[in-house]
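See below for the structure under consideration.
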Amino acid sequence: MMTRINYNNDLQTLYDAVKQMGLTIETSIDQTWKALQKLDVKTAQAIIDGDEAIDQMERNIEKACLELVLTQTPVAGDWRRIASIMRMISDLERIADHCSDISEYIVQLAAKPAVELPAPMEKMFCLMKTMVKETVDAFVELNEEKARVVIGQDDLQDDYFLQVCEELCTRMQQHPEEVRQRVDQLMIAKYLERMSDHSTNLAEWVVYIVSGQLVNN
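Anchor point for the sequence shown: position 156 equals 1442 in this note's numbering, and the numbering is continuous, going up by one each time.
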């Protein structure tokens, strides 16, 4: 009985670590948007420099998962949770990587003549941020319904991405002198779309943890 109590405590510690990783990434997303709006090189560089700390979070959680498997005796449902967490932290780490990737483009954009962001890009950023937050909340609450809402938002993000692409193509045709900046903005939009894809993956793993059902893409 004591072993099981210790195991449950370790599992809760694992959940708390994933939650903290998610909250840290939410903060990084907020800072990335602020840096993009103002082309703030200092903030962008801080995001780039801070990526290693999130990588370390992933390694620590992965190690804790393996130790839990090796030292305890997980039952079937626990195996599902632990395996899902190991997949989830990979998606979380990729979202953090993309914050860093976007920040590198912010540094490049700051060195060029300023151009306005495509109008739909703010919608892309806000939706991606919402998807990440709702997925983290769904994981903390083990809320399948909330996770499925996130999964359903991925198509909307794809629509926003196409709108950004169309606007950027039009602006490059009308203002050839802005092509370099517009290409950078296109790459940023692609990273936002990928971050939403990773959020969708995360939500699918939450559904699996709660229901044991793998979501069909």
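Glycine included, each C-beta is placed from N, C-alpha and C at the ideal position.
Query raised in the report: Alpha carbon to alpha carbon, how far is Gly1363 from Val1496?
Result: Cα to Cα, Gly1363 sits roughly 9 Å from Val1496.
Query raised in the report: How would you label Leu1352, buried or exposed, when you count the other beta carbons within 10 angstroms and need 16 or more for buried?
Result: exposed
Query - Sub-7 Å separation of Ala1396 and Val1327 beta-carbons - result: yes
Query raised in the report: Using the rule of at least 16 other Cβ atoms within 10 Å of the residue's Cβ for burial, across every protein chain shown, is Gly1438 buried or exposed?
Result: exposed
Query raised in the report: So Ala1330 and Ala1339 are in contact, right, with Cβ under 8 Å, and what is the actual spacing, rounded?
Result: A Cβ-Cβ distance of about 16 Å is found for the pair Ala1330 and Ala1339, leaving them out of contact under the 8 Å criterion.
Requested in this report: Measure how close the beta-carbons of Glu1379 and Ile1334 come, nearest whole angstrom, since I'm counting them as under 8 Å.
Outcome: About 15 Å separates the two Cβ atoms, so there is no contact after all.
Query - contact_flag[the segment 1417-1434, the segment 1295-1310] where n(CB pairs < 8 Å) is 3 or more - result: yes
Query raised in the report: How big is the Cα-Cα spacing for Ile1315 and Leu1478?
Result: 10 Å
Report task. Taking Cys1451 as the reference, give the member of Gln1460, Gln1471, Asp1441 with the closest Cα. Result -> Gln1471
Query raised in the report: Expressed to the nearest angstrom, what Euclidean distance is found between the alpha-carbon atoms of Ser1528 and Val1435?
Result: Lying before the first or after the last residue shown, residue 1528 is absent from the chain, which here runs from 1287 to 1503.
Query - Unbroken stretches of the alpha helix (DSSP H), 4 residues or longer, contained in the segment 1324-1364 - result: 1327-1357
**Report entry** Separation of Leu1300 from Leu1356, as counted between CA atoms
**Finding:** 15 Å
Requested in this report: Kindly indicate which three-state DSSP category Leu1309 falls into: helix, strand or coil?
Outcome: helix
Query raised in the report: For Trp1319, which residues from the same chain have a beta carbon less than 6 Å from its beta carbon, with the 5 sequence-adjacent residues on both sides left out?
Result: Phe1411
Query raised in the report: Taking 6 Å as the cut-off, does the CB of Val1355 come closer than this to any heavy atom belonging to the ligand NAP?
Result: With respect to the ligand NAP, the structure shown offers nothing to examine, as it has no ligands at all.
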